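Every number in our numbering is 2 more than the matching position in the sequence shown, counting from 1. Don't be surprised by glycine CBs; every beta carbon is placed ideally from N, CA and C. Keep in mind that this is a model prediction, so the values were computed, not measured. Working notes, beginning with the structure itself.
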Amino acid sequence: MSSIMLGTSASEGIPSIFCDCNNCRKARAAKGKNIRTRTDFLIDEKNIIDFGPDIYAQVLREDIDLVNLENVFLTHFHDDHISLSNLMTHNSGKSVCNKPLNIYGSKEALEGIRWIFPIYKDHTHADAPDYFTHFNLMPLDPFVTYSIGGLAVTPILSSHFGFATNELGFNYIIQKGNGENFLYAVDTGWYNAETWNFLRQFDIQLDFIVIECTYCTCKLPYHQDGHLDFENLLLMIDEFNKCAVIKKGTPIYVTHISHLNELSHEETQKYFDSLPWNLKMGYDGMKID
C-alpha cells in the first residue's frame with residue numbers, strides 16, 4: 003500500500019478552533035487542502051509514525067481501519083503526536099486486536115507515557131480494568147538500526163524537546179522491504195552536530211524526505227532549534243544535499259504546518275515551485291507511492 007500523510011498540521015490544527023486570524027478565516031473559506039488535522043504518517047498497514055488526537059477522523063476520511071496495525075513509532079511525547087485516549091480503544095477491538103500494540107520511542111518519552119497510563123482508569127472501583135495491558139513500550143536508542151515490522155528503523159535525534167524529563171525527540175530513517183528509503187523529520191529544527199555527523203557517515207540515498215515547516219512565513223533565527231520556517235527549511239535541505247543523502251530531484255514533502263503560515267496551500271506550492279528543490283506541500287490524505 004501507499005504511505006499516507008494522514009494529518010499535516012502543527013498542534014493547533016488549521017483552522018485553529020479558538021482562532022479568528024486572517025489565515026484561519028481563509029482556510030475555513032477555501033477548505034480542501036487548506037484544512038489540516040494534526041500530523042500522523044501511516045507507513046503501511048502494520049506501521050505508523052505518531053498516533054495523534056485526530057487519528058479517528060483521519061481513518062474515517064481515508065476509508066481504512068487499523069486492525070492490522072502492530073507498531074507505533076513515536077517522535078516525541080507531545081499531545082498532538084500521541085493521544086492516549088485514542089490508544090485506549092485498541093483494547094475495545096477484542097474480536098480482532100488480540101495481541102499487544104508496540105509503541106516505540108525514546109526511553110524518556112516512554113517513561114512519560116508510563117507515568118500517564120494510570121490516570122486513565124476508573125479510580126472509584128478497585129477492580130477497574132487497566133486499558134493499557136495491551137501495549138508494549140519498547141525503548142529505542144538513537145543512531146541504532148532496528149528490524150521492526152518488515153522495516154529497518156533508525157531513530158536519529160531531532161532538536162525538539164518533548165514533555166518528558168530530558169526528552170529530545172526522534173526523527174526516523176525508514177528502510178522499507180521494497181528497498182525504498184525515507185527520512186521522517188517531524189518535529190525538529192536545525193540538527194545538532196551529532197545528528198549531522200551521523201548523516202554524513204550514513205551510507206544511504208534517500209528516496210524522499212517528509213519534513214516539518216511549522217512556521218513557514220514566520221521569521222526565525224538561522225539554525226533555530228525546535229521548529230523550521232521557510233529559510234531554515236532550505237538550510238536543512240542544502241545540508242542534506244551536502245551530506246549526500248539526497249540529490250536535486252529528491253522529493254521533499256512538507257508537513258506539520260502552523261496556522262501562522264500566511265500562505266494558502268496553493269500559494270505555498272507556487273512558492274516551492276520557484277525554488278531549485280523538488281518541494282511538495284503536503285496535505286491531509288496525500289499518498290506517497
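- DSSP places residue 185 in the strand class (E or B) of the three-state scheme.
- A check of alpha carbon separations from residue 47 across 72, 117, 171 and 36 identifies 72 as the nearest.
- For residue 61, the uninterrupted alpha helix (DSSP H) segment begins and ends at 57–64.
- Taken through DSSP and simplified to helix, strand or coil, residue 214 comes out as strand.
- In this structure, the beta-carbon distance from residue 211 to residue 254 falls below 7 Å.
- Taken atom to atom, the span from the alpha-carbon of residue 30 to that of residue 217 is near 19 Å.
- In the structure shown, the three-state DSSP call for residue 73 is strand.
- DSSP, reduced to helix, strand and coil, places residue 201 within a helical segment of the structure shown.
- Cβ-Cβ distances below 7 Å link residue 39 to 9, 11, 15, 56, 59, 60 and 286 in the same chain, with the five nearest sequence neighbours on each side left out; the list follows chain order.
- If you compare the alpha carbons of 242, 276 and 75 with that of residue 143, the shortest gap goes to 75.
- With 16 or more neighbouring CB atoms inside 10 Å of its own CB, residue 82 falls in the buried class.
- The beta-bridge partner set that DSSP reports for residue 42 consists of 9.
- When the alpha-carbon of residue 190 is set against those of 129, 172, 196 and 23, the nearest one is in 172.
- Contact check for residue 36 against residue 260 fails: the beta carbons are separated by 7 Å or more.
- The C-alpha of residue 241 is placed about 18 Å away from the C-alpha of residue 222.
- Our two residues, residue 290 and residue 68, have alpha carbons roughly 18 Å apart in a direct line.
- Measuring C-alpha to C-alpha distances from residue 131 to each of 117, 155 and 90 identifies 90 as the nearest.
- The continuous stretches of alpha helix (DSSP H) do not include residue 179, and DSSP gives it neither H nor E.
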